[in-house]
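Mapping of the sequence shown onto full-length UniProt numbering: residues 1 to 381, in sequence order. Just so it is clear, CB atoms sit at the ideal spot from N, CA and C, and this is done for glycine as well. These figures come from a predicted structure and were not determined experimentally. Each remark here refers to the structure printed beneath this line.
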Amino acid sequence: MIPVVSKLPQTGTTIFTVMSALASELGAINLSQGFPDYDCSPELIELVNKAMKEGHNQYAPMAGVMALRERIAEKTEKIYGAVYNPETEITITAGGTQAIFTAISAVIHPNDEVIIFEPAFDCYAPAIKLMGGVVKSLALEPPNYRIAWDMVKRLINQKTKMIILNSPHNPTATILHKEDIDELSALVKNQDILILSDEVYEHLIYDGETHHSMARYPDLQQRSFIVASFGKPFHATGWKVGYCMAPAYLMNEFRKIHQFLVFAVNTPIQYAIAEHLKNEENYLGLAEFFREKRDHFRKGLEQSRFKLLPCSGSYFQSVSYRAITDEKDADFSIRVAKEFGVASIPVSAFYSKGIDHHVLRFCFAKRQETLDKAVDRLIRV
Numbered sequence: 001m002i003p004v005v006s007k008l009p010q011t012g013t014t015i016f017t018v019m020s021a022l023a024s025e026l027g028a029i030n031l032s033q034g035f036p037d038y039d040c041s042p043e044l045i046e047l048v049n050k051a052m053k054e055g056h057n058q059y060a061p062m063a064g065v066m067a068l069r070e071r072i073a074e075k076t077e078k079i080y081g082a083v084y085n086p087e088t089e090i091t092i093t094a095g096g097t098q099a100i101f102t103a104i105s106a107v108i109h110p111n112d113e114v115i116i117f118e119p120a121f122d123c124y125a126p127a128i129k130l131m132g133g134v135v136k137s138l139a140l141e142p143p144n145y146r147i148a149w150d151m152v153k154r155l156i157n158q159k160t161k162m163i164i165l166n167s168p169h170n171p172t173a174t175i176l177h178k179e180d181i182d183e184l185s186a187l188v189k190n191q192d193i194l195i196l197s198d199e200v201y202e203h204l205i206y207d208g209e210t211h212h213s214m215a216r217y218p219d220l221q222q223r224s225f226i227v228a229s230f231g232k233p234f235h236a237t238g239w240k241v242g243y244c245m246a247p248a249y250l251m252n253e254f255r256k257i258h259q260f261l262v263f264a265v266n267t268p269i270q271y272a273i274a275e276h277l278k279n280e281e282n283y284l285g286l287a288e289f290f291r292e293k294r295d296h297f298r299k300g301l302e303q304s305r306f307k308l309l310p311c312s313g314s315y316f317q318s319v320s321y322r323a324i325t326d327e328k329d330a331d332f333s334i335r336v337a338k339e340f341g342v343a344s345i346p347v348s349a350f351y352s353k354g355i356d357h358h359v360l361r362f363c364f365a366k367r368q369e370t371l372d373k374a375v376d377r378l379i380r381v
């Protein structure tokens, strides 16, 4: 064997792959990985088929099909009042993860420091490390997982290049509030700090709350990569189509990497989504669709010994199991899958130091009968 020095020596298989494989092996209900068990809109499938039959089967433009970029620009201006030039400031990507990796690759150099908030989606830190950057993580605590901005201020120095935000948040289902935006704005003012805002769950906000996109705030918009996805809102995670928005000076650097990473993204699906976006109810109605699922799932879990944590956005519900056992969350999640037939994600997997608050994450983007069956099993835990 030829010796290979790993660039990510501490990185193994993602927890999502591990738990989904376990669920499949055991025949357990998979509430671990964030994908639905129902199909996407038949209309959307027909639109993909239509695009294929019309001959849209070759390379798309590197930055994406213009019709889709234009729909994104229109949607963004209508919802957030932000103007993006579809020619120079919007790029279609192979899902949100590719957009995040590309943005980090474009601007992070060796020894640049990047602030992330943990529990954090597991693709942030590896991308930073691959670029030679330094991860500066701030651990958040349940039940509310709020950012302590005075602690963020202590982390900032001349090497700080970027802050990564995620709202609605995976895995905690928390969201940024206006006071968070005020603190962030004050913190980065007159600083050369970029923002990477992971907003893939932007339309999944509940209880009358507002999604505080970086696009809403001109000063933040001008220093931000904003990442979004069509997989989550359109129930088609396997299509892997997302996008990134950024001011032209940042998007220019983004595309330098993008063109050599994937070059272009699935052509007929881009045309189909562009057509699907013309009906704004296809995305504005999502909050109510998922709120009903959230409420149904929460009502069922109230009969269990799990303690429900707040859920203001996304399609994840976190629970504390301190009243049940002192087991480590990784061990407990495996036992629940094996003994009770429901797979979850241990939230310690989202902390670089494996901090264990005895919290599990469940995905409720499932059919009602799936959720009911899962609840019947979980109330026996």
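Quick check on the DSSP output: the beta strand (DSSP E) that includes residue i runs from which residue to which?
{"i": "residue 198", "result": "194 to 198"}
{"i": "residue 361", "result": "359 to 363"}
{"i": "residue 224", "result": "224 to 229"}
{"i": "residue 114", "result": "113 to 118"}
{"i": "residue 243", "result": "242 to 245"}
{"i": "residue 137", "result": "134 to 139"}
{"i": "residue 387", "result": "What the structure shows of the chain is the stretch from 1 to 381, and residue 387 is not part of that stretch, so it cannot be assessed."}
Between which two residues does the alpha helix (DSSP H) harbouring residue i extend?
{"i": "residue 289", "result": "286 to 301"}
{"i": "residue 264", "result": "No alpha helix (DSSP H) holds residue 264; DSSP gives it neither H nor E."}
{"i": "residue 181", "result": "178 to 188"}
{"i": "residue 403", "result": "Only positions 1 to 381 of the chain appear in this structure, which leaves residue 403 out of reach."}
{"i": "residue 376", "result": "368 to 378"}
{"i": "residue 150", "result": "149 to 155"}
From the DSSP output, which residues share a beta bridge with residue i?
{"i": "residue 308", "result": "319"}
{"i": "residue 162", "result": "114 and 194"}
Is the CB-CB distance between residue i and residue j below 9 Å?
{"i": "residue 227", "j": "residue 206", "result": "no"}
{"i": "residue 91", "j": "residue 254", "result": "yes"}
{"i": "residue 173", "j": "residue 33", "result": "no"}
{"i": "residue 230", "j": "residue 166", "result": "no"}
{"i": "residue 100", "j": "residue 8", "result": "no"}
{"i": "residue 211", "j": "residue 164", "result": "no"}
{"i": "residue 276", "j": "residue 234", "result": "yes"}
{"i": "residue 140", "j": "residue 152", "result": "no"}
{"i": "residue 149", "j": "residue 183", "result": "yes"}
{"i": "residue 297", "j": "residue 320", "result": "no"}
{"i": "residue 62", "j": "residue 264", "result": "yes"}
{"i": "residue 386", "j": "residue 194", "result": "Beyond the ends of the chain as shown, which are 1 and 381, falls residue 386; an answer cannot be given."}
Consult DSSP for residue i and reduce its assignment to one of helix, strand or coil.
{"i": "residue 273", "result": "helix"}
{"i": "residue 54", "result": "coil"}
{"i": "residue 16", "result": "helix"}
{"i": "residue 73", "result": "helix"}
{"i": "residue 102", "result": "helix"}
{"i": "residue 343", "result": "strand"}
{"i": "residue 30", "result": "strand"}
{"i": "residue 313", "result": "strand"}
{"i": "residue 334", "result": "helix"}
{"i": "residue 205", "result": "strand"}
{"i": "residue 221", "result": "helix"}
{"i": "residue 251", "result": "helix"}
{"i": "residue 68", "result": "helix"}
{"i": "residue 329", "result": "helix"}
{"i": "residue 216", "result": "helix"}
{"i": "residue 348", "result": "helix"}
{"i": "residue 84", "result": "coil"}
{"i": "residue 280", "result": "coil"}
{"i": "residue 143", "result": "coil"}
{"i": "residue 107", "result": "helix"}
{"i": "residue 8", "result": "coil"}
{"i": "residue 41", "result": "coil"}
{"i": "residue 174", "result": "coil"}
{"i": "residue 238", "result": "helix"}
{"i": "residue 354", "result": "coil"}
{"i": "residue 48", "result": "helix"}
Suppose you measure from the CA of residue i to the CA of residue j; what does that come to, to the nearest Å?
{"i": "residue 107", "j": "residue 49", "result": "38 Å"}
{"i": "residue 162", "j": "residue 114", "result": "5 Å"}
{"i": "residue 365", "j": "residue 300", "result": "15 Å"}
{"i": "residue 126", "j": "residue 218", "result": "30 Å"}
{"i": "residue 20", "j": "residue 343", "result": "7 Å"}
{"i": "residue 112", "j": "residue 332", "result": "37 Å"}
{"i": "residue 84", "j": "residue 347", "result": "36 Å"}
{"i": "residue 74", "j": "residue 6", "result": "44 Å"}
{"i": "residue 260", "j": "residue 40", "result": "31 Å"}
{"i": "residue 38", "j": "residue 179", "result": "37 Å"}
{"i": "residue 154", "j": "residue 147", "result": "13 Å"}
{"i": "residue 360", "j": "residue 202", "result": "23 Å"}
{"i": "residue 160", "j": "residue 214", "result": "19 Å"}
{"i": "residue 3", "j": "residue 267", "result": "40 Å"}
{"i": "residue 57", "j": "residue 119", "result": "40 Å"}
{"i": "residue 350", "j": "residue 329", "result": "12 Å"}
{"i": "residue 79", "j": "residue 294", "result": "24 Å"}
{"i": "residue 29", "j": "residue 341", "result": "6 Å"}
Kindly indicate if chain C contains any beta-carbon less than 9 Å away from that of residue i.
{"i": "residue 80", "result": "The displayed structure is made up of one protein chain only, and chain C is not part of it."}
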